[in-house]
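Undergrad: Residues in the sequence shown are numbered consecutively from -18, following this note's numbering.
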Amino acid sequence: MDGGAGQSAILVSMETLDPWAPADPLGEALHFLRMSGAFYCRSELTAPWGLTLPPMPGYMWFHAPTSGQFVLESQDADEQLLRTGDFALVPHGEGHVLRSDATAPAPGILELEREQVSDRYEILRHGGGGTPATLICGAVRFDHPAARNLVAILPAAIRLEAAGSSQPEWMQATLRLMAAEASELRPGGEAVITRLADILVVQAIRSWLETDPAAQTGWLGALQDRQIGRAIALIHREPARPWTVASLARELSMSRSAFAARFTDLVGEPVMHYVARWRMQVALGSLRDGDATVGEVAYQLGYKSEAAFARAFKRVIGVPPGAVRRRSASTVAA
């Protein structure tokens, strides 16, 4: 391997920490909640109105009513009433329904006429002419594997209430700015909306972490454990290091058997399974979003041969790494 541009790019893409990243493992997971949007929609609605949003696996929906109120219905969560200034997440991309009231018809959003402002931004005007409501919706995804791990264990829906927020003033100011950007959509408006949504999404997840007992179990509970959380952070920071159960145990001053048992108990899988899965998630991101070759990714992850890396990648991800690289290259070319 030489020190060319491709290798430099993969070194940068695999750098899982930066100088401003939080020191704690849970903080690191929140640090990587940076979104890329599928699309955003500003809806101008009048009662009675309803919208059925389709499933989008791998994406998170957010809804922010900037005026009026609506009911959010999803298959796996209780019905939620959202008022002006509230913020809702549907983390797992499941189909769900928004209505002005429980009896309003709810056609599929893709069936309704929409004004396409840009490739990723639309305006929807719909309803029966009654009480008005305005909301901003988005379907977004998280590319970093730490973010995907966190999102995977969130509940079916999260609501952040303006009245119940510990910092309602800044939250309302953020929503007002988002509404202003959505209504005018000046140059760079989509980028501003995305960054504001980043803030609101992180705050909604933080609120859930602080108040729901479920956040103290499973992978999240493991992140908050002093020893196992540190082990996870080490794996995340140095995916190419030739980790073993013994070497990780030594880092934590634990016995090999005690560490292995505690890791499996808290995380839900053996430590070396987690190491392999994390490496392949890092590789997937590098192949999909960077310009490194399969060989460069294999080398930077510590594999002695491209073939060994390809076998491990297919076993964990389900497709060969070359297929991901080709798909990424064709998307860039298009």
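Heads up, the beta-carbon is just placed ideally off N, CA and C, and yes, glycines get one too.
Using 8 Å as the cut-off, can you tell me whether the region 109 to 118 makes contact with the region 34 to 46, which would need three or more C-beta pairs spanning the two stretches below that distance?
TA: Yes, the region 109 to 118 is in contact with the region 34 to 46.
Undergrad: Look at the Cβ atom of residue 141, then the Cβ atom of residue 99, and state whether they are nearer than 8 Å.
TA: Stepping through the sequence shown from its first residue, residue 141 is reached at position 160. Stepping through the sequence shown from its first residue, residue 99 is reached at position 118. For residue 141 and residue 99, no; Cβs fall outside 8 Å.
Undergrad: Could you work out which residue in 91, 281, 264 and 34 is closest to residue 295 when comparing CA atoms only?
TA: For the purposes of this step, residue 295 is taken as the residue at position 314 of the sequence shown. The candidate whose alpha carbon is nearest that of residue 295 is 264.
Undergrad: Skipping 5 residues on each side, what residues in its chain have a beta carbon closer than 7 Å to that of residue 260?
TA: Walking along the sequence shown from the start, residue 260 turns up at place 279. Excluding sequence neighbours, residue 260 sits near 220 and 282.
Undergrad: Just how far apart, CA to CA, sit residue 273 and residue 133?
TA: On the sequence shown, position 292 is the one that residue 273 refers to. On the sequence shown, position 152 is the one that residue 133 refers to. Near 27 Å, if we compare the C-alpha coordinates of residue 133 and residue 273.
Undergrad: Have a look at residue 278 and residue 268 and give me their C-alpha separation to the nearest angstrom.
TA: Along the sequence shown, read from residue 1 onward, the residue named residue 278 stands at position 297. Along the sequence shown, read from residue 1 onward, the residue named residue 268 stands at position 287. Cα to Cα, the separation comes out at about 8 Å.
Undergrad: Roughly how many angstroms lie between the CA atoms of residue 308 and residue 106, to the nearest whole one?
TA: The residue given as residue 308 occupies position 327 in the sequence shown. The residue given as residue 106 occupies position 125 in the sequence shown. Distance between the alpha carbons of residue 308 and residue 106: 36 Å.
Undergrad: Can you list, in chain order, the residues of its chain with a C-beta nearer than 6 Å to that of residue 26? Leave out the 5 residues immediately preceding and following it.
TA: Locating residue 26 in the sequence shown gives position 45, where the first residue counts as 1. 107, 108 and 114, listed in sequence order.
Undergrad: Below 8 Å between beta carbons: does that hold for residue 330 and residue 78?
TA: There is simply no residue 330 to check, as the chain begins at -18 and stops at 315 in what is shown.
Undergrad: With a threshold of 8 Å on Cβ separation, who are the neighbours of residue 248 within its own chain once the five nearest residues in sequence on each side are excluded?
TA: The count along the sequence shown starts at 1 and reaches residue 248 at position 267. Within the same chain, residue 248 has close Cβ partners 199, 200, 203, 209, 213 and 255.
Undergrad: Does the Cβ-Cβ distance between residue 55 and residue 185 come in under 8 Å?
TA: Within the sequence shown, numbered from 1, the residue matching residue 55 stands at position 74. Within the sequence shown, numbered from 1, the residue matching residue 185 stands at position 204. Cβ atoms of residue 55 and residue 185: not closer than 8 Å.
Undergrad: Taking the continuous beta strand (DSSP E) assigned at residue 32, which residues delimit it?
TA: Taking the first residue of the sequence shown as 1, we reach residue 32 at position 51. That run of the beta strand (DSSP E) goes 31 to 34.
Undergrad: In three-state DSSP terms, what is residue 324?
TA: What the structure shows of the chain is the stretch from -18 to 315, and residue 324 is not part of that stretch, so it cannot be assessed.
Undergrad: Is it the case that the Cβ atoms of residue 150 and residue 101 are separated by a distance below 8 Å?
TA: Taking the first residue of the sequence shown as position 1, residue 150 is located at position 169. Taking the first residue of the sequence shown as position 1, residue 101 is located at position 120. Contact flag unset, no.
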